[in-house]
């Protein structure tokens, strides 16, 4: 095993960085160790990495096991950017390709390694695609922290693979290993879709999309204030759009608005595109994969609506929400409004005052608070 690769040199940037957030963990190392023999036996182009957070698995499988032409899928855009920057820092300028979560990612693959996603639906989408399109002898090595793993993950993999087993725990991490795709595997059932009669709206979701085809309770509360949001606005952004519900309802109710739905998640963007298509809104709403509106000009938007995340992966952290608030302060025109919904126990109001401008509480229920901040 090569000693030239330094895991400690990896960074999370441009994702949120903090003392309690790491770029590489014991799960990355355990997956690379368990999958080593299988990777070394695979040909170039036959190794796939899914859910690599910041590049540890992709760069590690190349440096430690000699994998070449590795296909990689990372749901967050920041993960892709971190991998690219960590590769440059490590002097690796070739040897991997970043692809969307489609049949092409898995076609003919002999080995699939990665981090277990938090969502069972995300795991199901990966398993279905791998079973249907990888080599019949494919081996999956998906790792996670023991405290976040459940028997339901085994059940999801068993739906697509005849043999599923777990490794021993090492440093509080464990690997689920799967092989023998079931005969006549199902084609992907994603995106899923559900009709919500109260909104007269189809919600479509890929596995990685937060809340799936359900209507998140915070979003439901925020929608009650739709008619009060900057009535004179010409354009609006659904920031961290998820499945695109806010953008879709805005497009229906306020036909004069130029609307953009944006998220850093590949699964969310694919879901929002499907939601718009299912509701006949594909021509009304633009959907963009972007990190905190980084490609939007300063002072260019009248209205932003946001239901921000309060987790980074499995870690509770407000950094992602604060990053979105700061972006809104930059992108809003003077007098523009940011409407936000968040769990009431979070101290977001002070941060909104600092990042955007004067912030008022507009509504509250036992769990959520809705605020409007004026630039």
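Residue numbers (the numbering used here): 796 to 1170.
Note that CB positions come from ideal geometry on N, CA and C, so glycine has one too.
Counted as a single uninterrupted DSSP element, the beta strand (DSSP E) harbouring residue 958 occupies residues 956 to 961. Taking the Cα positions, residue 1059 is about 34 Å away from residue 979.
Nearest Cα to residue 1019 within the set 957, 1048 and 1035: 1048. Sequence-distant partners of residue 1010 (beyond 5 residues in either direction) whose C-beta falls short of 8 Å from its own C-beta, in its chain, are 991, 994, 998 and 1040. Here residue 1014 is not near residue 988, since their CB atoms are 8 Å or more apart. Sorting 967, 907, 904 and 846 by C-alpha distance to the C-alpha of residue 821 places 967 at the top.
Looking at the DSSP output, residue 1054 sits in a beta bridge with 1031 and 1080.
Distance from residue 1127 to residue 1094 at the Cβ level is roughly 7 Å; contact confirmed, criterion being Cβ atoms closer than 8 Å. Less than 8 Å separates the beta-carbon of residue 827 from that of residue 852. Just so you know, the alpha carbons of residue 869 and residue 1155 end up roughly 37 Å apart. Pairing residue 913 with residue 943, the inter-Cα distance amounts to about 8 Å. Residue 1044 is classed as buried because its beta carbon has at least 16 other beta carbons within 10 Å across all chains shown. Look at residue 1146 here: in three-state DSSP terms it is helix. About 15 Å separates the beta carbon of residue 1101 from that of residue 1083, a gap too long to meet the 8 Å contact definition. Residue state for residue 1000 is assigned as strand, using DSSP reduced to three classes. With a cut-off of 8 Å on Cβ pairs, the segment 1064 to 1072 is not in contact with the segment 1139 to 1158, counting fewer than three such pairs. Taking the C-beta atoms as reference points, residue 855 is found nearer than 8 Å to residue 823. Counted as a single uninterrupted DSSP element, the beta strand (DSSP E) harbouring residue 1168 occupies residues 1163 to 1169. The continuous beta strand (DSSP E) containing residue 907 extends over residues 906 to 910. The closest CA to that of residue 930, considering only 937, 838 and 896, is found on 838. Nearest to residue 947 by alpha-carbon distance, out of 1056, 1080, 918 and 935, is 918. Between residue 1061 and residue 895, the alpha-carbon positions lie close to 7 Å from each other. The straight-line gap separating the alpha-carbon atoms of residue 933 and residue 976 is approximately 8 Å. Shown here, residue 870 sits in coil according to DSSP, grouped into three states, outside any helix or strand. For residue 940, the enclosing beta strand (DSSP E) starts and ends at 934 to 940.
The three-state reading of DSSP puts residue 983 in coil, since its state is none of H, G, I, E or B. By a beta-carbon distance limit of 8 Å, residue 808 contacts residue 880. Their separation comes to about 7 Å.
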